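Under the numbering used here, the first residue of the sequence shown carries the number 33, and numbering increases by one thereafter.
The C-beta atom is built at its ideal place from N, Cα and C for all residues, glycine as well.
All figures in this text were calculated on a predicted structure; none of them were measured in a lab.
Below you'll find the structure, written out as structure tokens, and then a few comments.
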Amino acid sequence: MYTEKVMDHFSNPRNVGEVKNANGIGEVGNASCGDIMRISLQVENDVIQDVKFKTFGCGAAIATSSMVTELAIGKTIDEALILTNQAVAEALDGLPPAKMHCSNLAADALHEAIKDYRNQNS
Ligand code: FES
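Here's what the structure looks like:
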């Protein structure tokens, strides 16, 4: 039921943890299941240099967290802000319909972290 990419990112998640000297942090919760995702990032000259996640959640939430970190690294904050939850799910070759709500955390947490960075640096 899960794609190979989902299983890969779930079993071997990339960029787990917390960025040291983070200058942006975003945390979002999924109201339907109570799962929580936290993204920390390090931005320099408006480019995301490093990003890590900590997710208390299901396998699909972990896979989407892992994928969103891979998609975000090296992007400008403007490029990262237009990254959608749908795009993250598509990068994993899709999620089962019943688990699509789990993908709602990933880009949202990233966007919150970018907003936090902007608030700290404006
Ligand atoms: Fe909560 Fe998937 S069941 S994020």
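Does DSSP put T96 in a helix, a strand or coil?
Locating residue 96 in the sequence shown gives position 64, where the first residue counts as 1. In the structure shown, T96 adopts helical secondary structure according to DSSP, grouped into three states.
Which whole runs of the alpha helix (DSSP H) in the stretch 69 to 145 are 4 residues long or more, in chain order?
91 to 104, 109 to 113 and 117 to 123
Between the stretch 69 to 81 and the stretch 119 to 134, do at least 3 Cβ pairs fall closer than 8 Å?
no
Quick check on S64: buried or exposed, where buried means 16 or more other Cβ atoms within 10 Å of its Cβ?
Against the sequence shown, residue 64 aligns to sequence position 32. Result: exposed.
Whose C-beta lies closer than 7 Å to the C-beta of A95 among residues of the same chain, with five residues either side of it excluded?
Working through the sequence shown from its first residue, we reach residue 95 at position 63. These residues qualify, in order along the chain: V38, H41, F42 and L124.
Chain-order list of residues whose beta-carbon lies under 8 Å from that of D110 (same chain, five-residue window excluded):
Here the question's residue 110 lines up with position 78 in the sequence shown. Excluding sequence neighbours, D110 sits near D78.
Pop quiz: S97 and T87 are said to be a contact at Cβ under 8 Å. What is the actual Cβ separation, rounded to whole angstroms?
The sequence position of residue 97 within the sequence shown is 65, counting from 1. The sequence position of residue 87 within the sequence shown is 55, counting from 1. Sure, about 4 Å apart at Cβ, within 8 Å.
Between which two residues does the alpha helix (DSSP H) holding E36 run?
Taking the first residue of the sequence shown as 1, we reach residue 36 at position 4. E36 to S43 is the extent of the alpha helix (DSSP H) around E36.
For the beta strand (DSSP E) holding G56, just list the boundary residues, first then last.
Here the question's residue 56 lines up with position 24 in the sequence shown. Here the beta strand (DSSP E) through G56 covers G56 to G61.
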